[in-house]
Amino acid sequence: MTKRQKRMAAVSALVLGVGLAAVLGFTAFRKNMMYFQTPSDLVAGKSPVGAKVRLGGLVEKGSVQRGQGLLVEFRLADCAKVIGVRYEGILPDLFREGQGIVATGAMAADGQFVADEVLAKHDENYISPDLAASLKEQGGKHSCGEFKSQVTMGAETAAQGVQP
Amino acid sequence: MNWTWFHRLGSPPSFFRFAERLAPWLAGLSLLLIAAACYAGLYLAPPDYQQGDAFRIIYVHVPTAAISLSIYALMAVAGAIALIWRMKLAEVAVVAAAPIGASFTLVALVTGMLWGKPMWGAYWVWDARLTSELVLLFLYIGVIALNGAFNDPRAAARACAWLALVGVVNVPIVKFSVDWWNSLHQGSTLLSVDGIKNPKMSTPMLWPLLASLAGFYLLFAAALLRRMQNILLERERRAGWVRELMEASR
């Protein structure tokens, strides 16, 4: 091997080695890289009452009920399961039915998720208002497929809209 | 294939003259494109059906974020060339690109935060996309610091090249973080498999974005050429061609 070939081998070995380490590391810690869990995860995993988690999903159509003051209750769904959420506080502007959101909070004893922070998750679609009107029946193009459940991970479920 | 043009371009004086001719055109064209994109993005494009006018930050955020990744990839390629073939110009490219990359990354992060507060409800969250982009900023700062830590510019450039190669693993992580993991950040609008079949953006919103992307890429190219010229002048200040240049400009 010439000197140049040795340097070429060293550079390739470095890039491949670091790449391999990253693949192994992130595969092992895939769960920890998830910013939020889905309703399916919480239903299956039976998150202990009081443990702080983030829950991401779509606000189910027709499920939002305002209570006294800033209290609001709604159901949050992914492609498979639904969880009731209770939240008291100011909602982000993008919060609406059919919208993806991420709520931070914990499961309560009554099986509801009590949130103390709600963030809106915007999707990757940018649509002008007139076009949006003609797409109205879709009610926003958010699909539940972007909420990756650890339970169904591997068996990729087809992306489909949430049925009310 | 004939490679003489490539070898000629690889010599500092030829590259300097080539950059001197090309850079003003790139800069001029980039300003035209960015001005057109600003006008079209701010006045002609309709507001988004959900975000209203706030979506217009994409005309800065998306190009700067895309370029922040491209620059790092370019640094890694130049770094490999510098390490394997010991090409001076590639060393200069690695060192010259880092501060530009850091600036684009910072702009992408700040514009994203300004958008995140009204839309998500938070300036910052530690999801995979935001965290890996922040790591990218730290990698750029690392390259800049490493370059400053050596007295010998060639040794400094080679150390920077190694760091660029180690850090390049982060580039696909930033790009695909939104596909691999649950994140608050939305997925890719332009570069996704089904996005090419069914566009995820209305045309009057899309073309200012493409113009802005092209404009910012040209701006980066012009800035890179200028920075490389400056670094070459400093490194080769004792070489005959620089003295001739100085005499001529006096």
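Chain order of the listed sequences is D and R.
The numbering of the first sequence is the working numbering, which starts it at 1 and goes up by one.
The numbering of the second sequence is the working numbering, which starts it at 1001 and goes up by one.
For every residue, glycine included, the Cβ atom is placed at its ideal position computed from N, Cα and C.
Just checking: is the beta-carbon of residue i within a distance shorter than 8 Å of some beta-carbon in chain R?
i, result
"residue 19 of chain D", "yes"
"residue 36 of chain D", "yes"
"residue 116 of chain D", "no"
"residue 183 of chain D", "Residue 183 of chain D lies beyond the stretch modelled for chain D, which goes from 1 to 164, so this question has no answer here."
"residue 56 of chain D", "yes"
"residue 78 of chain D", "no"
"residue 33 of chain D", "yes"
"residue 147 of chain D", "yes"
"residue 4 of chain D", "yes"
"residue 94 of chain D", "yes"
"residue 8 of chain D", "yes"
"residue 61 of chain D", "no"
"residue 172 of chain D", "A query on residue 172 of chain D cannot be resolved here, the shown segment of chain D reaching from 1 to 164 and no further."
"residue 72 of chain D", "no"
"residue 119 of chain D", "yes"
"residue 103 of chain D", "no"
"residue 110 of chain D", "no"
"residue 53 of chain D", "no"
Taking 8 Å as the CB-CB limit, is residue i close to chain D?
i, result
"residue 1188 of chain R", "yes"
"residue 1104 of chain R", "no"
"residue 1120 of chain R", "yes"
"residue 1134 of chain R", "no"
"residue 1125 of chain R", "yes"
"residue 1100 of chain R", "no"
"residue 1181 of chain R", "yes"
"residue 1067 of chain R", "no"
"residue 1080 of chain R", "yes"
"residue 1071 of chain R", "no"
"residue 1202 of chain R", "yes"
"residue 1137 of chain R", "no"
May I ask you to list the residues that DSSP assigns as paired with residue i?
i, result
"residue 86 of chain D", "D:73, D:114"
"residue 1111 of chain R", "According to DSSP, residue 1111 of chain R bridges with nothing at all."
"residue 1098 of chain R", "In the DSSP output, where bridge partners are listed per residue, residue 1098 of chain R has none listed."
"residue 103 of chain D", "D:55, D:118"
"residue 1256 of chain R", "Nothing can be reported for residue 1256 of chain R, as the shown portion of chain R is limited to 1001 through 1250."
Run the CB neighbour count on residue i, radius 10 Å, all protein chains shown included, and call it buried at 16 or more, exposed below.
i, result
"residue 1051 of chain R", "buried"
"residue 1011 of chain R", "exposed"
"residue 1248 of chain R", "exposed"
"residue 1068 of chain R", "buried"
"residue 130 of chain D", "exposed"
"residue 1003 of chain R", "exposed"
"residue 1020 of chain R", "exposed"
"residue 60 of chain D", "buried"
"residue 233 of chain D", "Outside the modelled stretch of chain D, which goes from 1 to 164, sits residue 233 of chain D, for which no answer is possible."
"residue 1043 of chain R", "exposed"
If you run the structure through DSSP and keep just helix, strand and coil, what is residue i?
i, result
"residue 37 of chain D", "strand"
"residue 1049 of chain R", "coil"
"residue 137 of chain D", "Bear in mind that a pLDDT of 45 at residue 137 of chain D, under 50, signals an unreliable position, so the model cannot answer this."
"residue 96 of chain D", "coil"
"residue 1190 of chain R", "coil"
"residue 31 of chain D", "helix"
"residue 1243 of chain R", "helix"
"residue 68 of chain D", "coil"
"residue 1087 of chain R", "coil"
"residue 157 of chain D", "Any reading at residue 157 of chain D must be qualified, since the residue scores a pLDDT of 39, below 50, and its modelled position is unreliable; no value is offered."
"residue 126 of chain D", "strand"
"residue 1 of chain D", "coil"
"residue 17 of chain D", "helix"
If we cut at 8 Å on Cβ distances, does residue i have a partner in chain A?
i, result
"residue 16 of chain D", "In the structure shown, chain A does not exist; the protein chains are D and R."
Let me check you understand the geometry: is the CB of residue i closer than 7 Å to at least one non-hydrogen atom of the ligand ADP?
i, result
"residue 23 of chain D", "No copy of the ligand ADP appears in this structure; indeed no ligand is present at all."
Check your understanding: In chain order, what residues of the stretch 1026-1052 of chain R put their CB closer than 9 Å to some CB of chain D?
Key -> 1045, 1046, 1047, 1048, 1049, 1050, 1051, 1052
Point to revise | Interfacial residues, the stretch 1153-1172 of chain R to chain D, with Cβ spacing under 8 Å | key: 1162, 1165, 1166, 1168, 1169
Point to revise | Under 7 Å (Cβ pairs) to chain D, residues found in the stretch 1205-1234 of chain R | key: 1205
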